[in-house]
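Residue 1371 is where the sequence shown starts when you use my numbering, and the numbers rise one by one after that. Everything on this sheet refers to the single structure shown next.
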Amino acid sequence: MSEDGSSAIDDFLLELCGKDLPRVCFIPTASGDSESYASRFEAAFDGRAVTSVLSLFGGLRDYGDPMSVGEQDLIYVGGGSTANLLALWRLHGLHSSLRSAAAGGTILAGISAGMNCWFEESSTDSFGPLAPLSDGLSFLPGSACPHYRGEPGRRDKYLGWVAEGVLQEGYAVDDHVALVFRDGELAEAVSERPEGRAFHVSRDGDGALESELGVRRLIA
């Protein structure tokens, strides 16, 4: 979801739904239910989907029923604090509703924290400095690292944590790159930018092995 509302990855997600007007729900928990973020989502998908925003804070928007995610074709999770997202989802039971929704065919997607949350472990700045996080939802195996070559320290820290066994092997992606999983297995990597890259990172002796993945370039 870019600043101007255009995104080839968003277009790709809508195509995956296989409907002319899919039901798409945005979950902005990680940003503290940022109203501006929610409004950007609605503008980006206006006229292309039946949109809704699930709020757990119940501020400017009414509190959302976690069970409603099962009625959606696509769940889109915004970025922010991965740790706060996980804590609140578990407190409200949203994690269980999302697992049931996925089993029923709902597509789960997200940016940054919205990528991290689905894995067992991840790299996060939820606590200030970059740190490993080991209590993800475990919908997907291994670890995740967003913003891989786009933020200072992300790549070096992640490689070090995998090498030391602090994090399991996993996947690292640049901004504007998405990984597509089907039944827990990686199906493909796609990018809406020519320079976007994706990697599988595993432990190799005392170090880490960084294996570049093939990336399909999306056309906006």
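Glycine residues also receive a C-beta, built at the ideal position from the N, C-alpha and C atoms. Quick caveat: nothing in here was measured; it's all calculated off a predicted structure.
Query, Result
"Does the pairing of the region 1560 to 1571 with the region 1375 to 1382 give three or more beta-carbon distances under 8 Å?", "yes"
"Mind checking whether residue 1518 and residue 1542 have CB atoms under 8 Å apart?", "yes"
"Residue range of the alpha helix (DSSP H) that residue 1412 falls in?", "1405 to 1415"
"Looking at C-alpha atoms only, which residue of 1417, 1492, 1471, 1466 is the closest neighbour of residue 1452?", "1492"
"Using a Cβ distance threshold of 8 Å, determine whether the region 1577 to 1587 contacts the region 1522 to 1533, with at least three qualifying pairs required.", "yes"
"Could you check the C-alpha separation between residue 1398 and residue 1574 for me, to the nearest Å?", "37 Å"
"Taking DSSP as the reference, what is the three-state secondary structure of residue 1536?", "coil"
"Looking at the unbroken beta strand (DSSP E) that takes in residue 1480, where does it start and where does it end?", "1477 to 1480"
"With H, G and I counted as helix, E and B as strand and the rest as coil, what does DSSP make of residue 1554?", "coil"
"Note down the Cα distance separating residue 1432 from residue 1412, rounded to an integer number of angstroms.", "16 Å"
"With DSSP collapsed to three states, give me the class of residue 1526.", "helix"
"Over what stretch of residues does the alpha helix (DSSP H) that includes residue 1487 continue unbroken?", "Taken as a continuous stretch (DSSP letters only), residue 1487 belongs to no alpha helix (DSSP H), as it is neither H nor E."
"Thinking C-beta only, is residue 1490 closer than 8 Å to residue 1512?", "yes"
"Tell me the rounded alpha-carbon separation between residue 1382 and residue 1589.", "10 Å"
"Cβ atoms of residue 1465 and residue 1507: under 8 Å apart, would you say?", "yes"
"Please report how far the alpha carbon of residue 1373 lies from the alpha carbon of residue 1583, in whole angstroms.", "For residue 1373, the predicted model reports a pLDDT of 49, less than 50, meaning its position is unreliable; a value from the coordinates is still stated below. So the two alpha carbons sit approximately 27 Å from each other."
"On the criterion of 16 or more Cβ atoms from any shown chain inside 10 Å, does residue 1460 qualify as buried, or is it exposed?", "exposed"
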